[in-house]
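Undergrad: My questions all concern the structure below.
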Amino acid sequence: MGGGKGVMMVAILCIWALSATTEAVVTEEEPGLMMNFYQDTCPQAEDIIREQVKLLYKRHKNTAFSWLRNIFHDCAVESCDASLLLDSTRRELGEKEHDRSFGLRNFRYIEEIKEALERECPGVVSCSDILVLSAREGIEAVGGPHIPLKTGRRDGLKSRTDMLESYLPDHNESISVVLEKFKSIGIDTPGLVALLGSHSVGRTHCVKLVHRLYPEVDPSLNPDHVPHMLHKCPDSIPDPKAVQYVRNDRGTPMVLDNNYYRNILDNKGLLLVDHQLAHDKRTRPIVKKMAKDQAYFFKEFTRAIQILSENNPLTGSKGEIRKQCNLANKMH
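Here the sequence shown stands for residues -24 to -1, 1 to 308, numbered as in mature numbering (1 follows the signal peptide of the UniProt record, and there is no 0).
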């Protein structure tokens, strides 16, 4: 009997040890996101991305706005997995070709960064990490804060075009809908207000704002701002292929700062969501605080970008490391 108990105890211990070992292996295989993920496999990775972004920004200033839009359009749609970068196929429209992605461009420069990394460390750095880190460098290039970001993402295998409407808020939707969509990925009200501060830089295409000008001018717009908008957008039905736009912030159009909040409190926001942000009782107090305190804006902006960049990433053995950012490896 004693011998039987001993054998049973040994068996239990063996099972427990095997279970613990299996668990340890799983943990080792699926480390998740971490700071300096590439320090052993490609120690120059983040430096290469930084240098490439600087070079591209020097040649094409508007790349900074593209990097910033990319992180939102990719990471807000179910997973931060570079699905945005995939080309359309015969069977599936790519996210970047969808109406919600209107105005997104400069994807070819992501490929330039990828090629530079492939020369240094072939098959190591994911396109999703390139997308996230280029956004960070783009933010700094236009005067924004330095944002510590984790890496270790892997790339998704397919586009998520059918999900865009569910996840991406539209500029004509109510502030309640916008708040709810951001809340679903863990971004609270101050985080939302800070992220919309991205409208401090870049431009808005006329097709997105002519409904506030024609057939009659939206009375909530600051009348001093209207002549400039009409001059920039003279057609009630602009050609979507024409480069017709209004700078989001005429004062400091190339600087990420809190001027945006002062503008929208003065009814100079271009989009309906900008106007609502300044006047809804849930967001107005935060807008007023950010208009007065740029450090507070930067603090909340940093936190929101970190949450956004960590939205449901593929890590460990999930996904893949693409050879080219616009194609899943099976397409090679």
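Virtual Cβ for every residue (Gly too), placed ideally from N, Cα, C.
Using 8 Å as the threshold, is the C-beta distance between Ser212 and Gly132 below it?
TA: Taking the first residue of the sequence shown as 1, we reach residue 212 at position 236. Taking the first residue of the sequence shown as 1, we reach residue 132 at position 156. Against a cut-off of 8 Å, the Cβ pair of Gly132 and Ser212 comes out as no contact.
Undergrad: Does the contact criterion of 3 or more C-beta pairs under 8 Å hold for the segment 92 to 103 versus the segment 240 to 248?
TA: No, the segment 92 to 103 does not touch the segment 240 to 248.
Undergrad: Of all the options Thr137, Ser152, Lys157, Cys182, which has the alpha carbon lying nearest to the alpha carbon of Ala219?
TA: In the sequence shown, counting from the first residue as 1, residue 219 sits at position 243. First, the residue type needs correcting, since residue 219 is Val and not Ala in the sequence shown. Val219 has its Cα closest to that of Cys182, out of Thr137, Ser152, Lys157, Cys182.
Undergrad: If we call anything under 8 Å between Cβ atoms a contact, is Val169 one with Ile262?
TA: Taking the sequence shown and counting its residues from 1, one reaches residue 169 at position 193. Taking the sequence shown and counting its residues from 1, one reaches residue 262 at position 286. Yes, these two residues count as a Cβ contact at 8 Å.
Undergrad: Would you call the CB atoms of Glu113 and Val29 closer than 8 Å?
TA: One-based indexing of the sequence shown puts residue 113 at position 137. One-based indexing of the sequence shown puts residue 29 at position 53. Going by C-beta atoms, Glu113 is nearer than 8 Å to Val29.
Undergrad: Pull up the distance between the alpha-carbon of Ile24 and that of Ile151, whole angstroms please.
TA: Mapped onto the sequence shown, residue 24 falls at position 48. Mapped onto the sequence shown, residue 151 falls at position 175. Answer to the nearest angstrom: the Cα atoms are 39 Å apart.
Undergrad: Report yes if the C-beta distance between Cys56 and Arg129 is below 8 Å; otherwise report no.
TA: For this step, residue 56 is matched to residue 80 along the sequence shown. For this step, residue 129 is matched to residue 153 along the sequence shown. Yes.
Undergrad: Within 8 Å, do at least three Cβ pairs link the segment 294 to 305 to the segment 184 to 202?
TA: Touching, no, given that fewer than three Cβ pairs across the two stretches are closer than 8 Å.
Undergrad: Can you give the beta carbon distance from Leu284 to Ile163, rounded, assuming they're within the 8 Å contact cut?
TA: To locate residue 284, count along the sequence shown from 1; it is residue 308. To locate residue 163, count along the sequence shown from 1; it is residue 187. Confirmed, about 7 Å.
Undergrad: What are the boundary residues of the beta strand (DSSP E) that includes His201?
TA: Indexing the sequence shown from 1 puts residue 201 at position 225. That residue, His201, is in no beta strand (DSSP E); it is neither H nor E in DSSP.
Undergrad: For Leu185 and Val222, which I take to be in contact (beta-carbon distance under 8 Å), what is that distance rounded to the nearest angstrom?
TA: Here residue 185 corresponds to residue number 209 of the sequence shown, with the count starting at 1. Here residue 222 corresponds to residue number 246 of the sequence shown, with the count starting at 1. Their Cβ separation, rounded to whole angstroms, is 7 Å, which keeps Leu185 and Val222 in contact under 8 Å.
Undergrad: Under 8 Å between the Cβ atoms of Leu171 and Val53?
TA: As a position in the sequence shown, residue 171 is number 195, starting the count at 1. As a position in the sequence shown, residue 53 is number 77, starting the count at 1. Going by C-beta atoms, Leu171 is not nearer than 8 Å to Val53.
Undergrad: Where do the ends of the alpha helix (DSSP H) carrying Gly249 lie?
TA: For this step, residue 249 is matched to residue 273 along the sequence shown. Sequence check: residue 249 is Val here, not Gly. Run containing Val249: 248 to 255, per the alpha helix (DSSP H) assignment.
Undergrad: Which whole-angstrom value describes the C-beta separation of Gly178 and Asn224, a residue pair presumed to lie in contact below a C-beta threshold of 8 Å?
TA: The residue given as residue 178 occupies position 202 in the sequence shown. The residue given as residue 224 occupies position 248 in the sequence shown. That belief holds up - the Cβ atoms of Gly178 and Asn224 are roughly 6 Å apart, short of 8 Å.
Undergrad: Tell whether a beta-carbon distance below 8 Å holds between Ile106 and Gln282.
TA: Along the sequence shown, read from residue 1 onward, the residue named residue 106 stands at position 130. Along the sequence shown, read from residue 1 onward, the residue named residue 282 stands at position 306. No, they are not a contact pair.
Undergrad: So is Gly8 buried or exposed if we call it buried at 16+ other beta carbons inside 10 Å?
TA: Sequence index remark: in the sequence shown, residue 8 carries index 32 (1-based). Gly8 is exposed by the Cβ-count criterion.
Undergrad: Starting from Val29, follow the beta strand (DSSP E) in both directions and report where the run begins and ends.
TA: What you label residue 29 is simply residue 53 of the sequence shown in a count that begins at 1. Per DSSP, Val29 belongs to no beta strand (DSSP E); it is in the alpha helix (DSSP H), 21 to 35.
Undergrad: Considering only residues of the segment 138 to 196, which uninterrupted alpha helix (DSSP H) runs meet the minimum length of 4 residues and lie entirely inside it, listed in chain order?
TA: As far as the segment 138 to 196 is concerned, its whole alpha helix (DSSP H) runs of at least 4 residues are 140 to 143, 151 to 159, 165 to 171.
Undergrad: Given this structure, state the Cα-to-Cα distance separating Lys257 from Pro166, to the nearest angstrom.
TA: Counting from one through the sequence shown, the residue named residue 257 turns up at place 281. Counting from one through the sequence shown, the residue named residue 166 turns up at place 190. Rounded to the nearest angstrom, the two C-alpha atoms are 13 Å apart.
Undergrad: Quick check on the DSSP output: the beta strand (DSSP E) that includes Tyr221 runs from which residue to which?
TA: Residue 221 sits at position 245 when you count from the first residue of the sequence shown. Run containing Tyr221: 221 to 223, per the beta strand (DSSP E) assignment.
Undergrad: Is Thr127 helix, strand or coil when you go by DSSP?
TA: Along the sequence shown, one-based indexing puts residue 127 at 151. Here Thr127 sits in strand by DSSP.
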